Each structure stands twice: as structure tokens, then as C-alpha cells.
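What follows is a short report on a single structure.
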Amino acid sequence: MTPFSISPERGHLYWAQAPYLPEPPLDVLGRGQKGEVRVALTFKTRPVLVVQNRQDNVHPSYPFVLVAAVHSIKPGELDKLRRINHPTDFLFSPAECGLNKPSVVFLSQLLTLHKNLLQDHIGVLSPVRLAELNVKLALALGLVEGQF
81 MTPFSISPER
91 GHLYWAQAPY
101 LPEPPLDVLG
111 RGQKGEVRVA
121 LTFKTRPVLV
131 VQNRQDNVHP
141 SYPFVLVAAV
151 HSIKPGELDK
161 LRRINHPTDF
171 LFSPAECGLN
181 KPSVVFLSQL
191 LTLHKNLLQD
201 HIGVLSPVRL
211 AELNVKLALA
221 LGLVEGQF
């Protein structure tokens, strides 16, 4: 296998080509041999937060990285997210980690990307925010009990 030029770390943000499924209805391309539905999958450049462990990230021949998509928050949505206060929603302030808009990561919606889809580095979480990310990831994956 070929080594990859990017060796991402947990808590780092990157621009990436990530799969994007528009709201339904999807463009159905047809049916496969076993009846499965085939849909058009598009990719869009968006910020992602690396959540995968360091051991897999630095392995030169491991081609994948586990990330969570970063979503910008529209005006009025921030108050709603704070009211809901879901324990696995990870909120970013506008100036944090190189982002210029309030943003949220839904840690219950993780993606596996090929490392070649990672592009430019955006920023990195502070140690305090990385510790918060670890707790919220453990809740999202059911590794610890939490109040929902």
C-alpha cells in the first residue's frame, strides 16, 4: 500500500471532500442485481473534525480516517441547539479552530473517509475542548452512561 501524505490527529479540523446526500427525494439511478436501490452520491467540500484514534491515524498504510462533519449554524439555530442541549452535540464558537461561523458537530453522525479526501488543515481544538470531545464521543458510542 502507498503511504498517505496526511497523518491526521484527533481534534484537528480539515477541509475534506465528504459525501453529501441532499434531502429526499434522492435521484434513484436504478436497482442492483439483488434489488438494492442505487442513488446518486455527490461530494462537497466541507469542514470535518477528526475523531479517530492516533494509532490508526499515523499508520502509514491505513487509508481511512473517522471524522464528523462540521455544520454551520444559521441565525436563530444556536439558541435552539442550546435549549435542546443534546449531550453529543459539539458546538464551536465563531473564532474557534479557524472557523468563521458558529458551528456544530453531531457526534452521532460519524463518517469514514479515505485520507486522500482530506485537503487543507483548518485548525486544532484546545486541550480543554479535546477533553470535552472525548467525553461526548464516549456518550455517542455508548462507552459511558449519560443522561439523555
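Using the working numbering, read the sequence shown as starting at 81 and increasing by one per residue.
Virtual Cβ for every residue (Gly too), placed ideally from N, Cα, C.
As the structure is a computational prediction, the values presented were derived from the model and not from experiment.
Any chain D beta carbon closer than 8 Å to R163: Among the chains of the structure shown, chain D does not appear; only one protein chain is present.
Throw me the rounded Cβ distance for the L213 and F186 pair, which I believe falls under 8 Å. At roughly 13 Å, the Cβ-Cβ gap does not stay under 8 Å, so L213 and F186 are not in contact.
In angstroms, rounded to a whole number, what distance separates the CA positions of Y100 and T122? 5 Å
Start and end residues, beta strand (DSSP E) containing A149: F144 to S152
Straight-line Cα distance separating L210 from K216: 10 Å
Coarse secondary structure for K216, derived from DSSP in three states: helix
Straight-line Cα distance separating K181 from I153: 7 Å
What would DSSP say about P174, mapped onto helix, strand or coil? coil
A175 classed as buried or exposed, judged by whether at least 16 other C-beta atoms fall within 10 angstroms: exposed
Who are the near neighbours of L93 in its chain, counting only those whose CB is closer than 6 Å to its CB and skipping five residues on each side? P127, L129, C177, I202 and G203
Residue closest to V150, alpha-carbon to alpha-carbon, out of L219, S206 and W95: W95
H166 versus L219, G156, L191 and L223, residue with shortest Cα-Cα distance: L219
Quick one: what's S87 bridged to in DSSP? Partner(s): none; S87 has no beta bridge.
Where T82 sits in the DSSP three-state scheme: In this prediction, T82 scores a pLDDT of 45, lower than 50, which makes its location untrustworthy; the coordinate-derived value is nonetheless stated afterwards. Three-state result, T82: coil.
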